[in-house]
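J.: Following this message is one structure expressed as structure tokens.
2 protein chains.
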Amino acid sequence: MKIAIAQLNFHIGNFEGNVQKMLEAVATAKEQGADIICFSELSTCGYPPRDFLEFDDFIEQAEAAVEALAKAANGIAIAVGSPSRNPVPEGKDLFNSAFFLVDGKIQQVQHKTLLPTYDVFDEYRYFEPGTEHKIVEYKGKRIALTVCEDIWNIGNENPLYKVCPMDEMMPQKPDFIINLSASPFSYKQAESRIHVVQANIKRYGIPMFYINHAGAQTELIFDGGSIVMSPDGKLFDELPYFEEAVRTYELDAVQKGGVHKPQPKDKIALIHDAIVLGVKDYFGKLGFKKAILGLSGGIDSAVTAALAARALGPENVRLILMPSQFSSGHSVQDAQDLAENFGCPYDIIPVQRVYEAYMSELSPLFGDLPFNVTEENLQARIRGMYLMALSNKFGNILLNTSNKSEMAVGYGTLYGDMCGGLSVIGDVYKTDVFELARYINKDKEMIPVNSITKPPSAELRPDQKDSDSLPDYDILDEILLQYIEKRQGPKEIIEMGFDEKLVRRILRLVNINEFKRHQTAPVIRVSPKAFGMGRRMPIVGRYLS
Amino acid sequence: MKIAIAQLNFHIGNFEGNVQKMLEAVATAKEQGADIICFSELSTCGYPPRDFLEFDDFIEQAEAAVEALAKAANGIAIAVGSPSRNPVPEGKDLFNSAFFLVDGKIQQVQHKTLLPTYDVFDEYRYFEPGTEHKIVEYKGKRIALTVCEDIWNIGNENPLYKVCPMDEMMPQKPDFIINLSASPFSYKQAESRIHVVQANIKRYGIPMFYINHAGAQTELIFDGGSIVMSPDGKLFDELPYFEEAVRTYELDAVQKGGVHKPQPKDKIALIHDAIVLGVKDYFGKLGFKKAILGLSGGIDSAVTAALAARALGPENVRLILMPSQFSSGHSVQDAQDLAENFGCPYDIIPVQRVYEAYMSELSPLFGDLPFNVTEENLQARIRGMYLMALSNKFGNILLNTSNKSEMAVGYGTLYGDMCGGLSVIGDVYKTDVFELARYINKDKEMIPVNSITKPPSAELRPDQKDSDSLPDYDILDEILLQYIEKRQGPKEIIEMGFDEKLVRRILRLVNINEFKRHQTAPVIRVSPKAFGMGRRMPIVGRYLS
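Residue numbers (the working numbering), protein chains in the order written: chain R, 1 to 545; chain B, 1001 to 1545.
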């Protein structure tokens, strides 16, 4: 028996496009001699469909997509993920289901049992958990058909669920496992994925075909890397990261034993590739080609520009240099050098004249109050407005250049440098932004070294440095990582040896700046805990604040 | 036996303040001769604590709060909601629990079984459902102690859950039900609440004491309105809306039969009072006193100013008039009249000079491209920047004045009139904004009638009217209500008799403007489906768009 894996890039709600893409993969798999082709979780509607699932019309279109695919299931069986309706009034109205299509018909439907409802996941918001676990019989083989999280309760010290669907299926003696997934990327995910598949193989002793989605959906990147694992717990194959692929495997060969080494999983390289895909798909799926962003000569905008140029082509990334009276001469030069290195179009617009116009109108109201953060913000906001005006006039999308460290502590101006349709590096700590810059420069100095080596500064008042008001980034980022990614509280972080006053100040800054993050662009998620849909905090509260 | 209900206004994460408030209520209830005092759901930590629940330190503080309350349980029993830990590794780490405290100790803990995970609720994100249902015995009475949603599976045609906790408790023959709730306001909620309590009484035939939280938590307003219902299904009492109260009831009297009529539930009056509380608590709980907002002479900013003046006192609401070359003379006059009617301080700052400065810098880049939405947005953004500069300089919070209709169709400028820390009327359709204005004027013309009667206009280009690009608001709002609140699709809405082309255009506008709403301020929720945490839509998709 031959089994094909199709890791494809779906578009949420674009049923016609998704079905068309699957039909092409069916044709390819047939050419490859496959008996079964497997698609990822909720392939018909795209993942995550979110509250679109509450529309009857949306579910009808998903049902029609399954029907269309069933018609194509001739000479080949199709395993595909799609929502299905709960026939009884009690419980949620939908299931998250795997359909097994044979000979023009739905042969069987298996519902997802374990519904991830944490971090970026909201599945119990929509779906009733499955309670029946029946294997699929096809061409003399017995198949355990599962959906994503159903295999993830194994291999953890603190399992999230009380049941394991595979435990229920094993008495029915399946020959192998098919798992339809849509498992979002973080720089740790490829490793976790192999770990959890191995834990299943170790427990159940049969091969697994694990099919992941490959494509970006605003904040969430699905990195592909589908897995075929042999009963010896070794990789028979690992599909490429961040791209589509259709590959067919002979079950007998898989049964014999794993033959592949895992692909390299360097954190910075993975983050780089994930963000490039994230930007590319954001534009492609919205039907846009061109980006605009402000280039300061600092490292954040330099790295953002580099990633955007790789995603969209340098000719499609317009860079705007907006020096103020506090900008250093070398900043403008560094920015120009970068634009020229990449071949991106750029323009220079100074902020001074508009700043003076504002101040002449506002001064009577400000009275004799001293220069403070107001005037700093004003410069940042003038830049934001220039960029938005150009975005509006020329129909390109403004990319946000904030990094995770500054988003965390609120070191950014709302409606100023926090403007933008998509936050490119908002899930990358400053220390990792430096690493990304070095990675981008690994073959050639594309980002001027000066942008990497000079002390970070917002350049909004004379001789300003980030270190005036923040600790060194290696200390700041470690405290933030412990608080944000690891959910450690003040006591635990202080016990690690950090200064108590500093820890309390940083945690307080994170909490009181929730109001700013609430209004920022969606952030491309590359870590296990990004700002945005996966981190939901009260705005008004009094906790560590 | 005497039972006290304490509907209090808690502050998320402010354990010390919350415990102090509860200890004062315990003293009051003792004076009233109560045998038991009941607080609302998750009173110790405030509701909703959201991802603060993932911090061990946060749970430790909640446990300490329960201990402190247990010490006060002398001569009176205390029923209080607080998170508790799941002792087994399988499943989520926490329960959402009701503690019954007697004689300095925790006598019993009952876990919430039905975990709302829809709309604004994320409870299965944090909590494992309870599975045991054991009544509390106290002073010879048998009490069914339940938490919020546990009684809400009854009286619906399409119940969300497969179990009913009260069905499990009834064989233990409870004498009455206590329900600890934190049930957020919408203009339909007070009615639904009585309906569901009645459905329980009808099924179980015993009295219920239903304790709600009273206070605002950013977007969510908890409206109090706690209920004491007799076995005849009539109200024995309904506590006031939108304010704290501690009242004690003689069980024998409640047993005899209901004596009260429900309070009036006029939609517009409820929305008015809810928003006033929402603004008041947002400022109070953040430690701010003063607001600022832009006053255009139109109805949206007029109503927002009126609500803010009632919440914070007119002297604390600074109004800024920012006429452009397209503003009509009467708009400035209407705005001034309003400021004077309410007694709010106001200033006038024209946008023209800054606009010209922008255009002189941007013109070389714009070339000969015609005037379009770019220049309209520029004016709106200059206003946003003035307001933010004054907010920064004087330390007041900018209030957003967008209504729900314009937020829905994207008729607003990101980083312009969409600026602000809190959206005051973002869950009120334009047609209801008119109603609110009339309600505010019911005793005296506070909002100039001209602001109510003139055709709505953004005044960003010559002779602009909202009706140039949008249908009449009564049609628009009905289509939006069907799509947003009722989750009807295009087919259903067209079948109601609306023009097909118009329906498809409006639904498309709603979907393609998700990116704007993603970046807006939290919206005070007054309807069953508000923009924000309760409506989660993909930004990149192709559905009805």
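Ideal placement from N, C-alpha and C gives every residue a C-beta, glycine not left out.
Going by other Cβ atoms of all chains shown within 10 Å of its Cβ, with 16 needed for buried, is R:V259 buried or exposed?
T.: Exposed, because fewer than 16 other Cβ atoms sit within 10 Å of the Cβ of R:V259.
J.: In its own chain, which residues sit with a C-beta less than 7 Å from the C-beta of B:E1123, not counting the 5 before and 5 after it?
T.: Around B:E1123: N1096, L1115, P1116, T1117.
J.: Expressed to the nearest angstrom, what Euclidean distance is found between the alpha-carbon atoms of B:P1184 and R:I493?
T.: So the alpha carbons of these two residues sit roughly 35 Å apart.
J.: Since I believe B:I1211 is in contact with B:C1045 (beta carbons under 8 Å), could you give me their beta-carbon distance rounded to a whole number of angstroms?
T.: Wrong, their Cβ atoms sit about 16 Å apart, outside the cutoff.
J.: Does any residue of chain B have a CB that is nearer than 8 Å to the CB of R:V540?
T.: Yes, its Cβ sits closer than 8 Å to a Cβ of chain B.
J.: Starting from B:T1113, find everything on chain R with Cβ-Cβ shorter than 7 Å and list it in chain order.
T.: Within 7 Å Cβ-Cβ: nothing; B:T1113 doesn't reach chain R, min ~14 Å.
J.: In the DSSP assignment, the alpha helix (DSSP H) including B:L1319 goes from what residue to what residue?
T.: Note, B:L1319: premise wrong, no alpha helix (DSSP H); beta strand (DSSP E) at 1317-1321.
J.: Going by C-alpha to C-alpha distance, which of B:T1131, B:I1268, B:I1194 sits closest to B:L1235?
T.: Here the closest residue by C-alpha is B:I1194.
J.: Among the residues of its own chain, which have a CB less than 7 Å from the CB of B:T1431, if the five just before and after it don't count?
T.: Around B:T1431: Y1473, D1474, D1477.
J.: Can you tell me whether DSSP reads R:I178 as helix, strand or coil?
T.: Three-state result, R:I178: strand.
J.: Can you find at least 3 beta carbon pairs, one from the stretch 1021-1040 of chain B and one from the stretch 512-531 of chain R, that sit closer than 8 Å?
T.: No, the stretch 1021-1040 of chain B is not in contact with the stretch 512-531 of chain R.
J.: Among all the DSSP beta bridges, which residues are the ones paired with R:P83?
T.: In DSSP, R:P83 forms a bridge with R:N96.
J.: Hey, would you say B:V1540 sits closer than 8 Å to R:K285, going by beta carbons?
T.: Yes, Cβ-Cβ distance for B:V1540 and R:K285 is below 8 Å.
J.: Could you tell me which chain R residues have their CB closer than 8 Å to the CB of B:M1388, listed as they occur along the chain?
T.: Neighbours of B:M1388 on chain R, chain order: N377, R381, L414, Y415.
J.: Following the continuous alpha helix (DSSP H) through B:N1400, name the residue where it begins and the one where it ends.
T.: It is not in any alpha helix (DSSP H) - B:N1400 instead sits in the beta strand (DSSP E) that spans 1397-1400.
J.: Below 8 Å on the Cβ atoms is my contact criterion, and I expect B:E1157 with R:P89 to pass it. Report the Cβ-Cβ distance as a whole number of Å.
T.: Yes, they are in contact, since the Cβ atoms of B:E1157 and R:P89 sit about 7 Å apart, within 8 Å.
J.: What's the gap between the Cα of R:Y346 and the Cα of R:Q110?
T.: Going from the Cα of R:Y346 to the Cα of R:Q110 covers about 54 Å.
J.: If we define contact as Cβ-Cβ less than 8 Å, is B:E1546 a contact residue for chain R?
T.: Any question about residue 1546 of chain B goes unanswered here, given that chain B covers just 1001 to 1545.
J.: With the cut-off set at 8 Å, would you say R:H213 and R:Q7 are in Cβ contact?
T.: It is a contact, given that the beta carbons lie within the stated cut-off.
J.: Give me the subset of the stretch 129-163 of chain R whose CB atoms are less than 8 Å from a CB atom of chain B, sorted by chain position.
T.: Answer in chain order: E157, N158, P159, L160, Y161, K162.
J.: Is it right to say B:V1317 is buried, meaning 16 or more other beta carbons lie within 10 angstroms of its own, or is it exposed?
T.: When all chains shown are included, B:V1317 counts as buried.
J.: For the stretch 1505-1534 of chain B, enumerate the residues whose C-beta is nearer than 7 Å to any C-beta of chain R, in chain order.
T.: For the stretch 1505-1534 of chain B, which is checked against every Cβ of chain R, the residues closer than 7 Å are F1515, H1518, Q1519, T1520, A1521, P1522.
J.: Would you say B:T1374 lies against chain R (beta-carbon separation less than 8 Å)?
T.: At least one chain R Cβ lies under 8 Å of B:T1374.
J.: Beta-carbon of B:K1290 versus every beta-carbon of chain R: anything under 8 Å?
T.: Answer no: the Cβ-Cβ gap between B:K1290 and chain R never drops below 8 Å.
J.: Is it buried or exposed for B:P1264, if we count other Cβ within 10 angstroms and need 16 for buried?
T.: So B:P1264 counts as exposed.
J.: Distance cutoff 8 Å, beta carbons only. Does R:D122 sit that close to anything in chain B?
T.: For R:D122, the answer is yes, since a Cβ of chain B falls inside 8 Å of its Cβ.
J.: Which first and last residues belong to the beta strand (DSSP E) in which B:H1213 is found?
T.: Careful: B:H1213 lies outside any beta strand (DSSP E) and carries neither H nor E.
J.: By how many angstroms is the C-alpha of R:Q325 removed from the C-alpha of R:Y358?
T.: Looking at the two C-alpha atoms, the distance is approximately 15 Å.
J.: The alpha helix (DSSP H) that contains B:Y1355, what's its start and end?
T.: Residues 1352-1366.
J.: Below 8 Å, how does it come out for the stretch 329-349 of chain R and the stretch 370-378 of chain R: are there three or more Cβ pairs, yes or no?
T.: In short, these stretches do not touch, since the Cβ pair count stays below three.
J.: Is the stretch 430-445 of chain R touching the stretch 491-508 of chain R, taking contact as three or more C-beta pairs under 8 Å?
T.: As far as the Cβ criterion goes, the stretch 430-445 of chain R does not touch the stretch 491-508 of chain R, which means the pair count is below three.
J.: Check this for me: beta carbons of B:G1416 and B:N1400, under 8 Å apart or not?
T.: In this structure, B:N1400 does not lie closer than 8 Å to B:G1416 by Cβ.
J.: Should R:T413 and R:R381 be called a contact, given that it needs their Cβ atoms to be closer than 8 Å?
T.: For R:T413 and R:R381, yes; Cβs fall inside 8 Å.
J.: Let me check one thing: in DSSP terms, what residues is B:E1137 bridge-paired to?
T.: DSSP, once it has assigned bridges, lists B:R1142 as partnering B:E1137.
J.: Using a Cβ-Cβ cut-off of 8 Å (strictly less than) and excluding sequence neighbours within five positions of B:F1342, which residues of its own chain qualify?
T.: Excluding residues within five positions, the ones whose Cβ falls inside 8 Å are A1305, A1306, A1309, P1314, V1317, M1446.
J.: Determine the contact status of R:G410 and R:K516, defining contact as a CB-CB distance below 8 Å.
T.: In this structure, R:K516 lies closer than 8 Å to R:G410 by Cβ.
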